[in-house]
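Working notes, beginning with the structure itself.
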Ligand code: COI
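In structure tokens form, the structure reads like this:
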């Protein structure tokens, strides 16, 4: 089905709210652009999506997603290239991951033309909302909800797929302090750790609140059997530079989100000739490297966070301070290289930027 056969109906706002945005001072996640996309799934099929003014939604209190969390989401970003043309960064990878999440959560696959073509049309319409200063973008939030009105527990039969967008500055505007969690668990083999299910984030709120009260920014989760191997940070995947190698936890065992930024980072590093190891990495190995003076850099990667340097990693009483950021060559190079590709300042040699 082409986008034309999808026939996306568009109802435009009468008056844009864009003047409410201070383009030089944009926080993450607080403002929403003029339009949103909605598609309904019922009787085993998707109806063509519609684009309409951003508005609040109205649901019966018995709607299943409120109660049982059959809900998934994605995070994607749009940029403007050097000529001012909108591009979307690797949305096909988010589409594939959303469908992997959907499968695990007993939700229907979203057809590519609804996800990709619908997103392109929405971004095209709201292109004025894509900020252009460094470290800014239009954050795109696709999500799907189970919308049966039924209090019993069973996979739903009716769903809504929605895309909203939000002009965004950096998720973290300074290096972060991370606490290694060995009491609570995020994911275990056979679970939903590899999905972007709402429940993965809901369960993290209490442990995150606790470590925030202790002065840390985020949690680094460890495995559920031994609390020995690190998995990912609450909002991003994690990388460690030890000696001349870059190490990141492998994504086997269904426990770690297959990050699109993670994959971009691995691709760029390998292309540059840096050794990247995707393998289990224990907190003991990280502590030993810190004692030996070979733990050089640590950073998180994610769509929202992009590449976020970690200045301290705390495990029990051991607060491992990383060297000053000016001395980090890998993370600083990656940040610039990825930004240059996204903003169209250098060749998009991996065909990551989808033109709108
Ligand atoms: C993203 O990086 O897009 C996410 O969905 C993570 C969330 C913490 C904002």
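Residue numbers (the numbering used here): 1011 to 1366. Glycine is no exception: its CB is placed at the ideal position from the N, C-alpha and C atoms.
Which residue's Cα is closest to the Cα of residue 1205: 1343, 1104, 1283, 1097? For this step, residue 1205 is matched to residue 195 along the chain shown. Closest by alpha carbon: 1104.
Compute every distance between the C-beta of residue 1255 and the non-hydrogen atoms of ligand 1, then say whether any falls below 8 Å. As a working note, residue 1255 is residue 245 in the chain shown. Ligand 1 has no heavy atom closer than 8 Å to the beta-carbon of residue 1255.
Taking buried to mean at least 16 other C-beta atoms within 10 Å of its own C-beta, is residue 1299 buried or exposed? Working through the chain shown from its first residue, we reach residue 1299 at position 289. Answer is buried; the Cβ neighbour count reaches 16.
Rounded straight-line distance, which links the Cα of residue 1339 to that of residue 1321: Along the chain shown, one-based indexing puts residue 1321 at 311. Along the chain shown, one-based indexing puts residue 1339 at 329. Residue 1321 and residue 1339 have their C-alpha atoms some 14 Å from each other.
Runs of 3 residues minimum, wholly inside the region 1211-1292: which ones carry the beta strand (DSSP E) assignment? Entirely contained in the region 1211-1292, the beta strand (DSSP E) runs reaching 3 residues are, in chain order, 1228-1232, 1240-1243, 1247-1252, 1255-1258, 1285-1288.
Do residue 1050 and residue 1118 come within 9 Å of each other at the CB atom, strictly closer than that value? Stepping through the chain shown from its first residue, residue 1118 is reached at position 108. Stepping through the chain shown from its first residue, residue 1050 is reached at position 40. In this structure, residue 1050 does not lie closer than 9 Å to residue 1118 by Cβ.
Bounding residues of the beta strand (DSSP E) (the contiguous stretch that carries residue 1312): Translated into the one-based positions of the chain shown, residue 1312 becomes position 302. Going by DSSP, residue 1312 is part of the beta strand (DSSP E) stretching over 1305-1312.
Name the one or two DSSP bridge partners that residue 1099 has. Within the chain shown, the letter at position 89 stands for residue 1099. Residue pairing from DSSP places residue 1099 in a beta bridge opposite 1363.
Report the option in 1252, 1233, 1312, 1263 whose CA atom is closest to the CA atom of residue 1269. Residue mapping note: residue 1269 aligns to position 259 of the chain shown, counting from 1. When only C-alpha atoms are compared, the closest one is 1312.
For residue 1106, which of 1082, 1026, 1189 has the nearest alpha-carbon? Residue 1106 sits at position 96 when you count from the first residue of the chain shown. The shortest C-alpha separation from residue 1106 is found at 1082.
Quick check on residue 1206: does DSSP put it in helix, strand or coil? Here residue 1206 corresponds to residue number 196 of the chain shown, with the count starting at 1. The answer is coil: DSSP assigns residue 1206 none of H, G, I, E or B.
How about residue 1088 and residue 1355: do their beta carbons lie closer than 9 Å? The residue labelled residue 1088 in the question sits at position 78 within the chain shown. The residue labelled residue 1355 in the question sits at position 345 within the chain shown. For residue 1088 and residue 1355, no; Cβs fall outside 9 Å.
Can the beta-carbon of residue 1284 be found closer than 9 Å to that of residue 1258? Walking along the chain shown from the start, residue 1284 turns up at place 274. Walking along the chain shown from the start, residue 1258 turns up at place 248. Their beta carbons are not under 9 Å apart, which means residue 1284 does not touch residue 1258 by this criterion.
What residue from 1020, 1066, 1141 has the CA that sits closest to residue 1029's CA? Position 19 of the chain shown, counting from 1, holds the residue named residue 1029. The residue from 1020, 1066, 1141 with its alpha-carbon nearest to that of residue 1029 is 1141.
Can you pull the DSSP bridge partners for residue 1170? In the chain shown, counting from the first residue as 1, residue 1170 sits at position 160. Note: residue 1170 sits in a beta bridge opposite 1050, 1155.
Three-state secondary structure (DSSP) of residue 1297: Reading the chain shown from its first residue, position 287 is the one you call residue 1297. Helix.
What do you get for residue 1256, buried or exposed, if any count of 16 or more other CB atoms within 10 angstroms of its CB means buried? For this step, residue 1256 is matched to residue 246 along the chain shown. Label assigned to residue 1256: buried.
Which of the three DSSP states, helix, strand or coil, is assigned to residue 1346? Looking up residue 1346 in the chain shown gives position 336. In this structure, DSSP gives residue 1346 a helical state, which the three-state scheme calls helix.
Residues near residue 1310 in its chain [Cβ-Cβ closer than 6 Å; skip 5 each side]: One-based indexing of the chain shown puts residue 1310 at position 300. Non-local C-beta neighbours of residue 1310 in its own chain, meaning closer than 6 Å and more than five positions away in sequence, comprise 1243, 1246, 1248, 1318, ordered along the chain.
Closest by C-alpha distance to residue 1135, when choosing among 1221, 1174, 1116, 1057: If you number the chain shown from 1, residue 1135 lands on position 125. Minimum Cα distance to residue 1135 is reached at 1174.
Rounded to whole angstroms, what's the CA-CA distance from residue 1225 to residue 1366? Just pull it up for me. If you number the chain shown from 1, residue 1225 lands on position 215. If you number the chain shown from 1, residue 1366 lands on position 356. In a straight line, the C-alpha of residue 1225 is about 42 Å away from that of residue 1366.
Residues passing the C-beta test against ligand 1 heavy atoms, cut-off 5 Å: Chain-ordered, the residues whose CB falls short of 5 Å from any heavy atom of ligand 1 come out as 1085, 1245, 1312, 1313, 1314.
Per-residue burial, residue 1221 [other beta carbons within 10 Å of its own, 16 or more giving buried]: For the purposes of this step, residue 1221 is taken as residue 211 along the chain shown, with counting starting at 1. By the neighbour-count rule (16 or more Cβ atoms within 10 Å), residue 1221 is buried.
Should residue 1014 be labelled buried (16 or more other beta-carbon atoms within 10 Å of its own) or exposed? Numbered from 1 along the chain shown, position 4 holds the residue referred to as residue 1014. Since pLDDT at residue 1014 reaches only 47, below the 50 mark, its modelled position is unreliable, and no value is offered.
Is it the case that the region 1154-1167 contacts the region 1017-1026, given that we only count it when at least three CB pairs across the two stretches are under 8 Å? Too few Cβ pairs lie closer than 8 Å, so no.
Measure the alpha-carbon distance for residue 1128 versus residue 1296 and round it to whole angstroms. Locating residue 1128 in the chain shown gives position 118, counting from the first residue. Locating residue 1296 in the chain shown gives position 286, counting from the first residue. Cα to Cα, the separation comes out at about 44 Å.
Return the Cβ separation of residue 1124 and residue 1059 in integer angstroms, given the expectation that the two are a contact with Cβ distance under 8 Å. Residue mapping note: residue 1124 aligns to position 114 of the chain shown, counting from 1. Residue mapping note: residue 1059 aligns to position 49 of the chain shown, counting from 1. Taking a contact as a CB-CB distance under 8 Å, the pair residue 1124 and residue 1059 counts as one, their CB atoms being some 5 Å apart.
Of the listed residues 1150, 1155, 1191, 1130, nearest to residue 996 (C-alpha basis): Absent from the model: residue 996. The displayed extent of the chain is 1011 to 1366, so no value can be given.
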